Amino acid sequence: MRRDALTLVAGLLLCGPGVAGAFQVGDLNCDDAVNVFDIDPFVLALVDPSGYAAQHPDCDVLLADTNYDGAVNVFDIDPFVTLLTGGPSEPEAIQLAGNALTDYPYFEFVRAFHQNAPIQVAIDPTLHPEIVGRTADIYVVEEQTAGEWVADPSLDDVTVDGMLTVTFAGTTIQENTFQVTGPNELNAAVYEELTGDYTGLGHGYDVVVDMNRNGLLDGGDYIDGLGREAGLYVCHDTTAPGPLAVTNVTYSVGTIFGIPAGHGGQKLYYPTNVAEMGQLPLVVVSHGVGHDYQWYGHIGNHLGSYGFIVMSHQNNVSTVETASLTTCGHTDAFLHLLPGIAGGALVGHVDTHRIIWVGHSRGGEGVAIAIHRISFTPHSYEPTYYTAEDIVMVDSMLPVDFNTQQLTYPGSVNYHLWTASGDADVHGGAGVDRAQTFHIHERATRYRQSTVVQGTGHGWFHSGSGGAVFEGPCPINAAGTHLVQLGLMLPMYKHYAHGNIPGSDYLWRQYERFHPPSVPVGIDPCYVVSQEYRNGHEDGTCFIDDYETNEGAGLSSSGGAVTYTVTNLTEGRLDDNNSNFAWTAGDPFNGATQDSTDWWDTGRGVVFDWNGVNQYYEWAVVPELRNFAAWKYLSLRGAQGTQHPYTMATAGLLTFTITLRDAAGNVSSINTGAYGGGFGMPYARQGGWHNEMRRIRMRTSDFLANGSGLDLSNIVAVRLDVGPSWGTNQGRIVIDELMLDNDLPSALTPLTLNLINPPPEFVPPHEPVTFNIKIMEGDDQLVEGTALLYYRHDGGAWHSTPLVQVAGEFWTGTLPAAACGDLPEYYFSATGQVSGVVTAPPAGTTAPFSSLVGTYVGILDDNFESDLGWTVYSAPGMTSGAWQRAIPLGAADGSPPEDFDGSGRCYVTDNRASFDVDGGPTYLTSPVLDLSGADDPVLRFAAWFTCDDLIPPAQDFLDVHVSSDGGATWIQVAHIASFDDWVQHEVYLADYIPLTAGFQVRFTAIDSPNNSRTEAAVDAVTVFDVSCE
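Using our numbering, the first residue of the sequence shown is number 1, and each one after it goes up by one.
This is how it looks when you write it as structure tokens:
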């Protein structure tokens, strides 16, 4: 939408050179290929543009502009050679679509957009410096799979004003943010074959930045999409009825499957033209005490209009145990009697493998017990027509909790909880466990989500009589409750029943920022909704701290140190210890009702406060979790503490800042309010009701914005910065579950790719090398043509060659022959429809495999089991920490628990417990070695180094130097920061020193100034040459 972009990028040039036709840059003779036949035309375009135009009238001279700077000159020669020898490059898949933010990181990349919202695109020039100064065209196009893009790479923009031409400039993501559509500009309708109508959610579009402006998706372009997941999804208002007419019918199933007499009633809602449809998901609704099974028409009609079958049944609510059995029995009875229900209209149209159980009040606990009955052996109910695996979700609306975790335990099922802060029945009061809803949510072990709605009562979640059963201020009444309820149910149920991708955005994004347009959040202050979502895929989550183990304030559950300056800190159970919510210092977890008083509920967290002073709470990250680049999201759950004076002073959303620090001391900070939310204010019922947990979830890549310099692969600490400089001036909060996740879908075994044998350290010259690879698709599907071996020599351009399928999951890949002196690097890649790009090794281009060309010639191979002539010298006055050869003791002072290679000994800095490096330096120097006859010698060593001061000037390093003149002069080759683990390093010595007979290597440890806990170790030192002919 060109007119809007002009406002956003005022002062930027919004036009640029065009390219005739649709030929790829480098295709100078316009024959749809870049090859040797383009060499002469390229030279002609370079030296005689007019002559080129005369000989090739259908081509544009700018096809020779291979570096995309708008001119044809000598700087295009090298890129042209790369195109000629390496073939066309691939478009790069990156995140593009999202929303501008007023605070750092200044842009949020998201999947789902409401139809009435604008859409923006951004590229960070510090992450993609190649864009600066270049003009490109931005297209919004209908989504396509990778295979469809290969078949048809043409770009057809669907916005009102067509593709948008922009020029990238400046140094920030703000300067390179462009609005590409206005409100209501894109179509949100999604046709579904299953229903034969537009019942889908989220119309998918891809976004393409066409860097060479040829109207094709090809090499050098950027795309948001290129897989199973589109670049963005435009969603209609999920509170609006769907397009399908709905029929309802009431009947009785009798007393089969254990259903007691007088409780056989069912009311059914289904699409009227179901006979023309496929198999539809089944939603079973179980009511509570004093309710009627015919009071859930708002749910039945809404979901039915989108292609769900909804059956609400009479429930035996004498106890929650009987209610659970009734749910199980009614599900079986419905499926058993299908031929006689509604004249048999639903026969063949019920998907028995996609069932959602929904319960209200006592029925809400009943469905949680029901899934336990059929999930855990021995089963206390044995289904006839379905299994536990067929229940794709359990949804409890305002449930009671009469039982302990031993029975009311949803376990690994996808679970959602509704809580009404104004509920006068299941009221959530501090002294009554059975009236606290959150316990059941805490017992869900896998994918779980919670929604707390203020201003609503127990009776407004159904559509019948019986009153509101409401207490508190600012009511939103039944109509408002149903907007929130139905607006979330539709995307949530589609997400878990159909795998709907944009549906997940409704679960985790801050409600203030993303909610159905008809819900008047921000307009009517009575609408306040708190949500938390935990992605629970076994292979896609890890906890830095869940407070379940390592009890005590100084150590996280993952084993890292916890430090803080916040005040009044207590770690303990998430259970208010008295019968009211009035603040008292004797009840530090006031308002926390996540766990019952029963010892089976073991949830824990930490509470603390601050007031007008900048303070912090910090987790040290253990080495095995430091690679945040391997994770998509960092998240933390928490809430404001009810009725605390600081909470009352806040009187609204509470914000703070999350800061990441890497091993080099670089930091990047994001305020939790940047995304439009924060920890919500507890409901003002009787002065403040229970704590309302929310989860703050941030993309790890957001911390890289605008050249933060952060090394996401080596994050040593996560800090909560609080106080006036970092967010809300004062606050009292409870927090739990600092975690990382990869946003994996709930029902997926992802595609995996692995080498069958380890990569060789040495490869022969002039001979190709074949690798055996195993690609397991799991529940995913391999995208055709994406199984590739990528390789390069000596840091040059990456090239690719296809993997060849031998049989089933077994593939081979061939690395082209390398010459002496080459350093081949390579990795393997495949793309799953859901898993996305999977590489081996996992870091791909960042840390590929590499092999040396030639044969091994050993010069030194020292595991320190014997003394080969190393010397130690320490500065006078050094009190402890000198190098010594020993079997490491592994004391709790940062020293290694064992050597690197398992032989036993290594060099450590003082093997006595609690005697770290004090003062120094202390030098460990090798014997003199002869490199005079070597070709390309390599120094390899394993190092361990810890320093508890991670910020200069107190930060210490392990330094490595080499000498070619017997120690007269030294050249530094490594400067190693704290890592608290063994890491292997390699140095190519010819890059630093002449190859002489006087080679030595020296390792230096120092504590300067002498105020740190510093420990070092070295093991497995080898020097070898690579002989090649």
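Backbone N, C-alpha and C define an ideal beta-carbon position, used for all residues, glycine too.
Quantities reported herein were computed from a predicted structural model and do not represent experimental measurements.
Specify the secondary structure class of P105 as computed by DSSP and reduced to three states.
Counting from one through the sequence shown, the residue named residue 105 turns up at place 105. In this structure, P105 counts as coil in the three-state DSSP scheme.
Check the DSSP bridge columns for N754 and list the partner residues they point to.
The residue given as residue 754 occupies position 754 in the sequence shown. BP columns for N754 point to K774.
Helix, strand or coil at C947 according to DSSP, with G and I counted as helix:
Translated into the one-based positions of the sequence shown, residue 947 becomes position 947. In this structure, C947 counts as strand in the three-state DSSP scheme.
If distances are taken between C-alpha atoms only, which option among L63, P57 and G51 comes closest to F23?
Position 23 of the sequence shown, counted from the first residue, corresponds to residue 23. Answer by Cα proximity: L63.
Among L83, F75 and Y205, which residue has its Cα nearest to the Cα of A797?
Reading the sequence shown from its first residue, position 797 is the one you call residue 797. Residue L83 is the option with its Cα nearest to A797.
Nearest-angstrom Cα separation, counted from E365 out to V529:
Translated into positions along the sequence shown, residue 529 becomes position 529. Translated into positions along the sequence shown, residue 365 becomes position 365. Going from the Cα of V529 to the Cα of E365 covers about 22 Å.
Keeping to the same chain, check which residues put their C-beta closer than 8 Å to that of T845; ignore five residues upstream and five downstream.
Counting from one through the sequence shown, the residue named residue 845 turns up at place 845. Within the same chain, T845 has close Cβ partners Y790, W798 and Y827.
By DSSP, does G265 sit in helix, in strand, or in coil?
As a first step, residue 265 is located in the sequence shown; it is residue number 265 there, counting from the start. Strand at G265.
Does the count of Cβ pairs from the stretch 879-895 and the stretch 915-933 closer than 8 Å reach three?
yes
Spatial neighbours of P339 within its chain, please: C-beta separation below 6 Å, excluding the five flanking residues on both sides.
On the sequence shown, residue 339 is found 339 positions in, with the first residue counted as 1. Excluding positions up to five away in sequence, the list reads V347.
Measure the alpha-carbon distance for W599 versus G411 and round it to whole angstroms.
Here the question's residue 599 lines up with position 599 in the sequence shown. Here the question's residue 411 lines up with position 411 in the sequence shown. Taking the straight line joining both Cα atoms gives about 17 Å.
Opposite M739 in the DSSP bridges: which residues?
In the sequence shown, counting from the first residue as 1, residue 739 sits at position 739. DSSP lists F543 and S635 as partners of M739.
Would you please state the rounded distance, in angstroms, between the beta carbons of N1064 and W583? I believe it to be under 8 Å.
What is shown of the chain runs 1 to 1029, which leaves residue 1064 out entirely.
Would you list the residues sitting across from F1003 in a DSSP beta bridge?
Sequence index remark: in the sequence shown, residue 1003 carries index 1003 (1-based). Looking at the DSSP assignment, F1003 forms a beta bridge with L924 and V960.
When you compare the CB positions of V394 and A368, do they come within less than 8 Å of one another, or not?
As a working mapping, residue 394 is identified with position 394 in the sequence shown. As a working mapping, residue 368 is identified with position 368 in the sequence shown. Yes.
Outcome for S895 when other beta-carbon atoms lying within 10 angstroms are tallied against a minimum of 16:
Position 895 of the sequence shown, counting from 1, holds the residue named residue 895. By the 10 Å Cβ count, S895 comes out buried.
Strand pairing of Q615, partner residues [DSSP]:
Numbered from its first residue, the sequence shown carries residue 615 at position 615. DSSP, once it has assigned bridges, lists V722 as partnering Q615.
Kindly indicate the opening and closing residues of the beta strand (DSSP E) around C906.
Taking the first residue of the sequence shown as position 1, residue 906 is located at position 906. That run of the beta strand (DSSP E) goes C906 to T909.
Is V1023 buried or exposed, if buried means 16 or more other CB atoms sit within 10 Å of its CB?
Stepping through the sequence shown from its first residue, residue 1023 is reached at position 1023. Buried, by the Cβ-count rule.
Alpha helix (DSSP H) containing E193: first to last residue?
Here the question's residue 193 lines up with position 193 in the sequence shown. It is not in any alpha helix (DSSP H) - E193 carries neither H nor E in the DSSP assignment.
Can you list, in chain order, the residues of its chain with a C-beta nearer than 6 Å to that of D237? Leave out the 5 residues immediately preceding and following it.
The residue you call residue 237 lines up with position 237 of the sequence shown. Hits under 6 Å: P516, P517 and S518.
For T786, name the three-state secondary structure that DSSP assigns.
By 1-based counting over the sequence shown, the position of residue 786 is 786. Note: T786 maps to coil in three-state DSSP.
Helix, strand or coil at A886 according to DSSP, with G and I counted as helix:
On the sequence shown, position 886 is the one that residue 886 refers to. Strand, per DSSP.
Within this structure, are the beta carbons of L486 and H298 separated by less than 8 Å?
In the sequence shown, the residue the question calls residue 486 occupies position 486. In the sequence shown, the residue the question calls residue 298 occupies position 298. Yes, Cβ-Cβ distance for L486 and H298 is below 8 Å.
For F810, is the classification buried or exposed, using 16 other Cβ atoms within 10 angstroms of its Cβ as the cut-off for buried?
Mapped onto the sequence shown, residue 810 falls at position 810. So F810 ends up on the exposed side.
Quick check on G21: does DSSP put it in helix, strand or coil?
Here residue 21 is taken as the residue at index 21 of the sequence shown, counted from 1. Its pLDDT being 40, under 50, G21 is placed unreliably in this model, and the coordinates cannot settle the point.
Tell me which same chain residues have a C-beta within less than 7 Å of the C-beta of H353, skipping the five on either side of it?
Here residue 353 refers to the residue found at position 353 of the sequence shown. Cβ neighbours of H353 beyond the five flanking positions: D390.
For Y447, which residues in the same chain have their Cβ closer than 6 Å to its Cβ, ignoring the five residues on either side in sequence?
Residue 447 sits at position 447 when you count from the first residue of the sequence shown. So the list reads N414, G536 and S746, once near-sequence residues are dropped.
Cβ pair I138, L164 closer than 8 Å
Along the sequence shown, read from residue 1 onward, the residue named residue 138 stands at position 138. Along the sequence shown, read from residue 1 onward, the residue named residue 164 stands at position 164. Yes, these two residues count as a Cβ contact at 8 Å.
Alpha carbon to alpha carbon, how far is T171 from Y68?
Locating residue 171 in the sequence shown gives position 171, counting from the first residue. Locating residue 68 in the sequence shown gives position 68, counting from the first residue. Approximately 19 Å, taken between the alpha carbons.
Which full runs of the beta strand (DSSP E) of 3+ residues lie inside the stretch 141-184, going along the chain?
164-167 and 177-181
State the Cα-Cα distance for the pair D210 and F461, rounded to the nearest angstrom.
Stepping through the sequence shown from its first residue, residue 210 is reached at position 210. Stepping through the sequence shown from its first residue, residue 461 is reached at position 461. When rounded, the distance between both Cα atoms is 49 Å.
Where V703 falls, given that 16 or more other Cβ within 10 Å makes a residue buried
Start at 1 with the first residue of the sequence shown, and residue 703 comes out as number 703. With the sequence shown as reference, residue 703 is identified as Phe, and Val is not the correct amino acid for it. Classification of F703: buried, given that the 10 Å Cβ count is 16 or more.
Expressed to the nearest angstrom, what Euclidean distance is found between the alpha-carbon atoms of R509 and T672?
Here residue 509 refers to the residue found at position 509 when the sequence shown is read from its first residue. Here residue 672 refers to the residue found at position 672 when the sequence shown is read from its first residue. Rounded to whole angstroms, R509 to T672 spans 12 Å at the Cα level.
Label G21 either buried or exposed according to how many other C-beta atoms from any shown protein chain fall within 10 Å of its C-beta, with 16 as the threshold for buried.
Residue 21 sits at position 21 when you count from the first residue of the sequence shown. Below a pLDDT of 50, predicted positions are generally treated as unreliable, and G21, at 40, falls in that range; the measurement from the model is reported next regardless. Exposed is the call here.
Whose C-beta lies closer than 7 Å to the C-beta of K774 among residues of the same chain, with five residues either side of it excluded?
By one-based count along the sequence shown, residue 774 stands at place 774. Excluding sequence neighbours, K774 sits near N754, I756, E809 and F810.
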